[in-house]
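Asker: In my numbering, the protein residues as written are 7 to 307.
Ideal Cβ placement from N, Cα and C applies to all residues, glycine included.
1) Just verifying my parser: in three-state terms, what is the DSSP assignment at residue 41?
2) Express the C-alpha separation of residue 65 and residue 288 in angstroms, rounding to a whole number.
3) Leaving out the 5 sequence neighbours to the left and right, which residues in its chain are closer than 8 Å to residue 235 when beta-carbon positions are compared?
4) CB-CB under 8 Å to residue 96, same chain, minus the five flanking residues each way: which ones, in chain order?
5) For residue 298, count neighbouring Cβ atoms within 10 angstroms of its own Cβ and tell me buried if that reaches 16, exposed if not.
6) Rounded to a whole number of angstroms, what is the C-alpha to C-alpha distance between residue 116 and residue 197?
7) Which runs of the beta strand (DSSP E) fall wholly inside the region 101-187 and span at least 3 residues, in chain order?
8) Shortest alpha-carbon distance to residue 20 belongs to which of 36, 29 and 53?
9) Taking residue 252 as part of the alpha helix (DSSP H), name the residues at either end of that continuous run.
10) Alpha carbon to alpha carbon, how far is residue 106 from residue 17?
11) Report buried or exposed for residue 67, applying the criterion of at least 16 other Cβ atoms within 10 angstroms of its Cβ.
12) For the alpha helix (DSSP H) that contains residue 11, what are its first and last residues?
13) So the candidates are 306, 307, 304 and 295; which of them puts its Cα closest to the Cα of residue 26?
14) Going by the CB atoms, is the gap between residue 181 and residue 153 shorter than 8 Å?
15) Name the two residues that bound the continuous beta strand (DSSP E) containing residue 202.
16) So, with DSSP's three-state summary, where would you put residue 91?
17) Bridge partners for residue 32 per DSSP, in chain order?
18) Note the first and the last residue of the continuous beta strand (DSSP E) segment covering residue 299.
19) Roughly how far, in whole angstroms, is the beta-carbon of residue 281 from the beta-carbon of residue 203, given that I think they are within contact range, below 8 Å?
20) Kindly indicate the opening and closing residues of the beta strand (DSSP E) around residue 4.
21) Can you tell me which of the three DSSP states residue 191 falls into?
22) Any idea if residue 170 is buried or exposed, counting beta-carbon neighbours within 10 angstroms, 16 or more meaning buried?
23) So what does DSSP say about residue 237, is it helix, strand or coil?
24) So, does the region 266-273 touch the region 239-254, judging by three or more C-beta pairs under 8 Å?
25) Could you check whether residue 157 and residue 150 sit closer than 8 Å to each other, using their CB atoms as the reference points?
26) Measure the Cβ-Cβ separation of residue 173 and residue 130 and say whether it is below 8 Å.
27) Buried or exposed, going by whether 16 or more other CB atoms sit within 10 Å of the CB of residue 201?
28) Per DSSP, what kind of secondary structure is residue 68 in: helix, strand or coil?
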């Protein structure tokens, strides 16, 4: 695939990637390959800030509302699926465009994932049952016993990461850490990363405004419609967990819920930026600096 280029547009949540990606996709005459681990699910377009019907009609999108909430999907599966789409795009164009903020999805395509065995449904269900009945501390303790090396590295406050590692330990009978090689895979195409960011105050104000818009558009009602599925990993995300706590009478008022969603979204944006800032290959721009963005694209194509 000599001469082929994958452009990766990335940045924190709420920075304005969606609108920009539409214009860039039109400029490159290529579809958009979404790298968003929540927009891939059907039925929750408000809470995931999915592209609108009008935006979807302007440019073809992949990985939007593609999976059911009950479907199991991982970054490893995304790597395989996305590479197939990229190959098909390259059959017609010299350029492909991936857009999103899910760090693991982006890394999966750009750097490759380790070949971690796919865990069977029974093991996954058993670990989920342990989490639901015994809590996070219990499964963290199990992981510490089965894989003390990974225990020291993993974010023990992230149930998804802890459960995944524990599932692999139980299913394979081996420590999760022994399966990971960390070897970067070479891709047969050029990768150009374009990052978008704003000053912190500006970014946070935009996040707050977007949360208010989500609430006005029916976020509470959307969360209530999937409340019966609240145990699913696909709904273990900001914007839904807070409403679920409210429905369970763990949060005092709707105003408190909205404030928590804003705060947790800001925390997630900070986490994304911490992750992205480790990557020196990202070319950063303010999303309103259209001239600089277009000039960079012109040099890169």
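Answerer: Considering the structure as presented:
1) Locating residue 41 in the chain shown gives position 35, where the first residue counts as 1. It is a strand residue.
2) Counting from 1 along the chain shown, the entry for residue 288 is found at position 282. Counting from 1 along the chain shown, the entry for residue 65 is found at position 59. Roughly 25 Å between the two C-alpha positions.
3) Here residue 235 corresponds to residue number 229 of the chain shown, with the count starting at 1. Same-chain partners within the cutoff: 75, 76 and 241.
4) The residue labelled residue 96 in the question sits at position 90 within the chain shown. Only 7, 10, 102 and 195 meet the Cβ criterion.
5) Locating residue 298 in the chain shown gives position 292, where the first residue counts as 1. Exposed, since its Cβ has fewer than 16 Cβ neighbours within 10 Å.
6) Walking along the chain shown from the start, residue 116 turns up at place 110. Walking along the chain shown from the start, residue 197 turns up at place 191. Each residue's Cα considered, the two are about 7 Å apart.
7) 101-106
8) As a working mapping, residue 20 is identified with position 14 in the chain shown. Per the C-alpha coordinates, the member of 36, 29 and 53 positioned closest to residue 20 is 53.
9) Within the chain shown, the letter at position 246 stands for residue 252. Here the alpha helix (DSSP H) through residue 252 covers 247-253.
10) Locating residue 106 in the chain shown gives position 100, where the first residue counts as 1. Locating residue 17 in the chain shown gives position 11, where the first residue counts as 1. If you take the alpha carbons of residue 106 and residue 17, they lie about 7 Å apart.
11) For the purposes of this step, residue 67 is identified with residue 61 of the chain shown, where counting begins at 1. With 16 or more other Cβ atoms within 10 Å, it is buried.
12) Residue 11 sits at position 5 when you count from the first residue of the chain shown. First-last for residue 11: 11-16, but that is the beta strand (DSSP E), not the alpha helix (DSSP H).
13) Taking the first residue of the chain shown as 1, we reach residue 26 at position 20. Residue 26 has its Cα closest to that of 295, out of 306, 307, 304 and 295.
14) Stepping through the chain shown from its first residue, residue 153 is reached at position 147. Stepping through the chain shown from its first residue, residue 181 is reached at position 175. A contact, by the Cβ cut-off of 8 Å.
15) One-based indexing of the chain shown puts residue 202 at position 196. Note, residue 202: beta strand (DSSP E), 196-202.
16) Looking up residue 91 in the chain shown gives position 85. In this structure, residue 91 counts as helix in the three-state DSSP scheme.
17) Position 26 of the chain shown, counted from the start, is the residue given in the question as residue 32. In the DSSP output, where bridge partners are listed per residue, residue 32 has none listed.
18) The residue you call residue 299 lines up with position 293 of the chain shown. Where residue 299 is concerned, there is no enclosing beta strand (DSSP E), although the alpha helix (DSSP H) it sits in stretches over 296-306.
19) Within the chain shown, residue 281 is the residue found at index 275, counting from 1. Within the chain shown, residue 203 is the residue found at index 197, counting from 1. The Cβ separation is near 13 Å, so there is no contact.
20) In this structure the chain extends from 7 to 307, so residue 4 is not present and cannot be described.
21) Reading the chain shown from its first residue, position 185 is the one you call residue 191. DSSP places residue 191 in coil when its eight states are reduced to three.
22) The count along the chain shown starts at 1 and reaches residue 170 at position 164. So residue 170 ends up on the buried side.
23) Position 231 of the chain shown, counted from the first residue, corresponds to residue 237. Reduced to three states, the DSSP call for residue 237 is coil.
24) yes
25) In the chain shown, the residue the question calls residue 150 occupies position 144. In the chain shown, the residue the question calls residue 157 occupies position 151. In this structure, residue 157 lies closer than 8 Å to residue 150 by Cβ.
26) One-based indexing of the chain shown puts residue 173 at position 167. One-based indexing of the chain shown puts residue 130 at position 124. Between residue 173 and residue 130, the gap from beta carbon to beta carbon is short of 8 Å.
27) In the chain shown, counting from the first residue as 1, residue 201 sits at position 195. Buried: at least 16 other Cβ atoms inside 10 Å.
28) Residue mapping note: residue 68 aligns to position 62 of the chain shown, counting from 1. When secondary structure is reduced to three states using DSSP, residue 68 falls in the strand class.
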